[in-house]
Amino acid sequence: MVEMGYEVDAWAFNTLIHGLFRDNKVSEAVGLVERMVAKGCQPNVVTYSVVVNGVCKRGDIDLALNLVKKMEVAKIEANVVIYNTVIDGLCKYRQVDDAVELFNKMENKGVKPDVITYNSLISCLCNYGRWNYASRLLSDMIEKKINPDVVTFNALIDAFSKEGKLLEAEKLYEEMIQRSIDPNNVTYNSLINGFCIHDRLDKANQMFEFMVSKDCLPDVVTYNTLIKGFCKGNRVEDGMELFSEMSERGLNGDTLTYNTLMQGFFQARDCDNAQKVYQKMESDGVPPNSMTYNLLLDGLCKNGKLEKALVVFLDLQKSKTKLDILSYTIMIDGMCKAGKVEDGWNLFCNLSFVKPDVKTYTTMISGFCGKGLMQEANALFKKMKEDGILPNDCTYNMLIRAQLRGGDKATSAELIKEMRSHRFVGDASTFKLVTDMLYDGRLDKSFLDMLS
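As structure tokens, this is what we get:
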């Protein structure tokens with residue numbers, strides 16, 4: 001059109017730019033703005049709105065900020081929509097301080113923020129634990145006669161609930177009601193989660209019942225949250241009642257629901273019911289994930305059911321189920337703790353498709369130490385480092401204690417120095433052992449000094 005001598009106005013350019021972004025041609029869209037200027041067609045606020053929105057959606061926040069600066073140079077005033085887009089982009093990409101700075105700049109330029117501006121910033125600040133500042137922004141928006149909505153309150157209620165500031169969360173909930181803002185599932189789920197996290201199960205259950213009485217129907221997240229709370233509080237039977245209630249309401253449990261119940265039964269040392277939950281999960285067609293398999297294997301091993309765990313483990317291998325390194329580590333740990341260190345070592349040596357990590361090595365080294373096989377433990381510790389797997393504080397502390405119990409003070413001292421050089425410290429168990437051995441004369445004070 002341009003080459004044929006037709007005049008192309010800003011509206012036509014804006015339409016083209018929008019189309020290029022829709023087709024994911026970002027560089028062409030941005031380049032077209034430069035062509036607009038070259039052709040004597042001044043980009044307007046709509047042009048910049050389209051471009052800023054496009055680049056923010058693709059994560060190029062620096063370019064978006066540069067475009068805002070270009071607008072300033074061209075004496076085009078950015079509107080609240082443009083500022084909201086960039087602030088939201090900065091928040092999504094964790095540039096919280098930059099978002100706050102742009103918010104302040106926006107106000108200084110006389111652009112009035114709206115509820116969307118405040119919601120982006122409040123949600124972001126809450127996500128990063130800066131709920132004090134977020135609370136001040138709520139007061140600020142109310143002072144400026146900008147009405148908060150359910151999104152505003154939900155962000156703050158969720159933050160306060162997770163922090164254990166449940167009184168403040170409840171006050172915000174009451175304020176919502178006073179302002180005729182209807183709480184939704186997110187509101188109730190946040191409060192229920194807060195009560196569960198901080199072991200106030202009766203209050204969580206009360207909030208659940210209140211939610212139902214207000215015709216706000218619980219969703220899978222609500223049930224999962226409360227089931228997890230009951231299981232954590234050793235009330236797995238109450239969790240199962242909720243699970244049955246879910247079905248009655250026409251809600252299907254998801255992978256998290258079944259995983260939580262399995263974990264609850266294993267925690268209660270009820271392996272039979274834990275396995276029944278797993279079987280029901282399969283019959284209900286709910287796909288297990290790696291956490292499901294690991295919970296099942298770990299629960300059986302920790303409850304002294306190694307043989308059952310082995311049956312499950314072999315079945316999973318036969319069915320070509322993709323197991324992660326944690327699954328193998330759990331089995332190695334279970335074998336070693338059941339005194340079958342040789343079986344654990346065989347599994348370690350025959351790992352296929354997965355590489356041992358620091359936890360796998362530490363588990364196997366611990367197995368050798370538990371059997372007094374210090375030569376094998378030391379050799380594996382050496383191989384671990386040669387393979388580029390750096391020992392962690394657990395590795396060092398476990399090996400130091402084993403060497404001390406075996407009477408090898410020299411190796412223990414070397415390990416303590418090595419551990420300290422990597423900025424790891426002795427844990428409570430290591431300190432207790434050293435203190436006990438110091439007290440009965442088996443060690444001198446230099447060991448305690450080295451640890452400290």
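Numbering (the UniProt record's numbering), first residue to last: 1 to 452.
All C-beta atoms, glycine included, are put in the ideal place defined by N, C-alpha and C.
Simplified DSSP state of residue i, which is helix, strand or coil
i           : result
residue 321 : coil
residue 375 : helix
residue 214 : coil
residue 84  : helix
residue 42  : coil
residue 144 : coil
residue 58  : coil
residue 153 : helix
residue 76  : coil
residue 424 : coil
residue 449 : helix
residue 180 : coil
residue 289 : coil
residue 189 : helix
Residues of its chain near residue i, where Cβ-Cβ distance is below 6 Å and the 5 sequence neighbours each way are ignored
i           : result
residue 113 : none
residue 201 : 229, 233
residue 403 : 411, 412
residue 80  : 111, 114
residue 369 : 377, 402
residue 128 : 96
Integer Cβ distance of residue i from residue j, believed to fall under 8 Å
i           : j           : result
residue 438 : residue 448 : 6 Å
residue 265 : residue 273 : 5 Å
residue 359 : residue 329 : 5 Å
residue 362 : residue 395 : 4 Å
residue 290 : residue 324 : 5 Å
Local Cβ density within 10 Å of residue i, reported as buried at 16 or more and exposed below that
i           : result
residue 353 : exposed
residue 426 : buried
residue 275 : buried
residue 321 : exposed
residue 279 : exposed
residue 161 : buried
residue 88  : buried
residue 298 : buried
residue 349 : exposed
residue 66  : exposed
residue 378 : buried
residue 311 : exposed
residue 401 : buried
residue 227 : buried
residue 68  : buried
residue 397 : buried
residue 52  : buried
residue 261 : buried
residue 390 : exposed
residue 73  : exposed
Selection from the options that minimises the alpha carbon distance to residue i
i           : options            : result
residue 84  : 359, 107, 126      : 107
residue 238 : 205, 96, 124, 98   : 205
residue 213 : 184, 252, 329      : 184
residue 269 : 390, 327, 235      : 235
residue 338 : 355, 313, 304, 351 : 304
residue 372 : 406, 291, 429, 415 : 406
residue 248 : 211, 262, 218      : 218
residue 221 : 215, 242, 210, 61  : 242
residue 178 : 76, 155, 147, 61   : 147
residue 263 : 231, 77, 207, 210  : 231
residue 314 : 59, 347, 50        : 347
residue 271 : 409, 286, 295      : 295
Beta-carbon proximity list for residue i, same chain, < 7 Å, skipping 5 on both sides
i           : result
residue 225 : 189, 192, 193, 196
residue 334 : 301, 306, 309
residue 157 : 169, 172, 173, 187, 190, 191
residue 288 : 255, 281
residue 98  : 90
residue 343 : 335
residue 198 : 164, 166
Cutoff 8 Å; reference residue i; Cβ partners in own chain excluding five residues on either side
i           : result
residue 434 : 404, 426, 443, 447, 448, 451
residue 137 : 118, 121, 122, 125
residue 149 : 115, 119, 181
residue 152 : 115, 118, 119, 122, 138, 141
Any non-hydrogen atom of the ligand ATP closer than 7 Å to residue i Cβ
i           : result
residue 446 : This structure simply doesn't include the ligand ATP, nor any ligand for that matter.
Short CB-CB distance (under 8 Å) between residue i and chain C
i           : result
residue 160 : Protein chain content of the structure displayed is limited to a single chain, and chain C is not contained in it.
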